[in-house]
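Numbering follows our numbering, with no gaps: position 126 of the sequence shown is 126.
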Amino acid sequence: MALREDQIVRYSRQILLREVGGRGQEALLAGTVRVDGIGVSGLTAAAYLAGGGTPVAGAGSLTLGPWAPGFLMAPSDVGLPLTEALAREVPALNPDAAATGPGGGLLAELPAAWSGDAPWVALGGDGMRAAVVFRSAEGCVWCFGETVRHLGSPPDGALGVAAGTLGALVFQRLRLGLGPALGGRWLVPPGVVEALEPRRCARCAAREAPSAP
1 MALREDQIVR YSRQILLREV GGRGQEALLA GTVRVDGIGV SGLTAAAYLA
51 GGGTPVAGAG SLTLGPWAPG FLMAPSDVGL PLTEALAREV PALNPDAAAT
101 GPGGGLLAEL PAAWSGDAPW VALGGDGMRA AVVFRSAEGC VWCFGETVRH
151 LGSPPDGALG VAAGTLGALV FQRLRLGLGP ALGGRWLVPP GVVEALEPRR
201 CARCAAREAP SAP
């Protein structure tokens with residue numbers, strides 16, 4: 001689909017990036033991301049993805065609590081299912097991001113159930129740090145699962161906002177075919193990003209083990 005003139009203006013900063021360009025922006029507009037998370041990290045990611053032109057739909061059966069109003073949600077959204085709240089608030093933020101097609105990826109706060117097409121982006125933590133773990137369609141499902149099962153829920157506050165922001169950026173890159181098939185990042189206060197090495201499932205560990213002489 002060709003970009004309209006108003007869309008070229010709206011996404012001009014992304015289009016100017018060599019990694020995105022006009023074709024990349026068209027790709028971001030073409031596929032819906034399912035978001036499963038009602039904390040600060042999940043809602044921050046949903047807002048950034050919608051602002052960048054990725055259609056956003058709710059996943060799961062979560063209901064917004066009193067902490068939700070802020071970056072994306074309004075006080076009137078408290079008590080609504082996430083799916084309904086996103087269907088109302090996302091088009092108000094960016095009409096292009098209203099979900100109209102099938103899901104093409106999942107971004108979720110841990111703990112979460114993982115299913116459907118990749119990209120998958122998990123937002124979690126270990127009590128001291130926030131974590132973003134990701135896989136593309138080429139990444140091992142079992143290594144991804146082995147990694148995220150050792151993580152807890154993402155943190156609140158500024159660190160949670162940072163995790164959601166990074167998670168949205170990572171999802172966009174995966175949608176554009178950029179970056180490794182499987183990986184992760186730690187976010188350490190006050191704002192340091194460190195590599196998070198994914199755990200290996202038994203099959204991948206055996207395949208990567210050195211052969212006996």
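Here a beta-carbon is modelled for each residue, glycine too, at the ideal position from N, C-alpha and C.
Problem set entry | Reduced DSSP secondary structure (H/G/I, E/B, other) of Pro69 | strand
Exercise. Applying the criterion that 16 or more other CB atoms from any shown protein chain within 10 Å of the CB defines a buried residue, is Ala209 buried or exposed?
Worked result: With fewer than 16 other Cβ atoms from the protein chains shown falling within 10 Å of its own Cβ, Ala209 counts as exposed.
Exercise. For the putative contact between Asp116 and Pro154, defined by C-beta atoms under 8 Å, what is the C-beta separation to the nearest angstrom?
Worked result: For the record, residue 116 in the displayed sequence is Gly; it is not Asp. By a beta-carbon distance limit of 8 Å, Gly116 does not contact Pro154. Their separation comes to about 21 Å.
Problem set entry | Contact set for Pro189: own chain, Cβ-Cβ below 7 Å, skip 5 residues either direction | Leu159
Exercise. Quick one: what does DSSP say Asp156 is sitting in, helix, strand or coil?
Worked result: coil
Exercise. Are the beta-carbon atoms of Asn94 and Gly51 separated by less than 8 Å?
Worked result: yes
Exercise. Are Glu89 and Gly39 touching if we call contact CB-CB under 8 Å?
Worked result: no
Problem set entry | Span of the beta strand (DSSP E) around Val192 | First-last of the beta strand (DSSP E) with Val192: Val192 to Ala195.
Problem set entry | Cα-Cα separation, Leu62 to Val133 | 21 Å
For this session: To the nearest angstrom, report how far apart Leu169 and Pro69 are at their CA atoms.
Result: 22 Å
Exercise. Bridge partners of Phe134, per DSSP?
Worked result: Val121 and Gly183
Problem set entry | Assumed close pair Leu178, Glu26 - CB separation to whole angstroms, cut-off 8 Å | The Cβ separation is near 15 Å, so there is no contact.
Exercise. Which value, in whole angstroms, describes the spacing of the CA atoms of Arg203 and Val161?
Worked result: 35 Å
Exercise. Taking the alpha-carbon positions, what's the Ala112 to Leu187 distance?
Worked result: 20 Å
Exercise. Is Leu62 near the ligand GDP, going by C-beta to nearest heavy atom under 7 Å?
Worked result: This structure simply doesn't include the ligand GDP, nor any ligand for that matter.
Exercise. Thinking just about the alpha-carbon of each residue, which of Ala181, Gly191 and Glu146 is nearest to the one in Arg199?
Worked result: Nearest option by C-alpha distance: Glu146.
Exercise. Would Ala195 pass as a contact of Arg207 if the rule is Cβ separation under 8 Å?
Worked result: no
Problem set entry | Selection from Gly183, Cys140, Pro119 and Gly37 that minimises the alpha carbon distance to Phe171 | Pro119
Exercise. Which same chain residues, not among the five before or five after Leu64, have their C-beta less than 7 Å away from its C-beta?
Worked result: Ile38, Met73, Asp77, Val78, Gly79, Leu80, Leu82 and Ala85
For this session: Closer than 7 Å by C-beta to Ile15: which residues in its own chain qualify, once you throw out the five before and the five after it? Chain order, please.
Result: The residues are Ile8, Gly21, Gly22 and Gln25.
For this session: Using the Cα positions of Ala87 and Ala181, report the straight-line distance between them to the nearest angstrom.
Result: 30 Å
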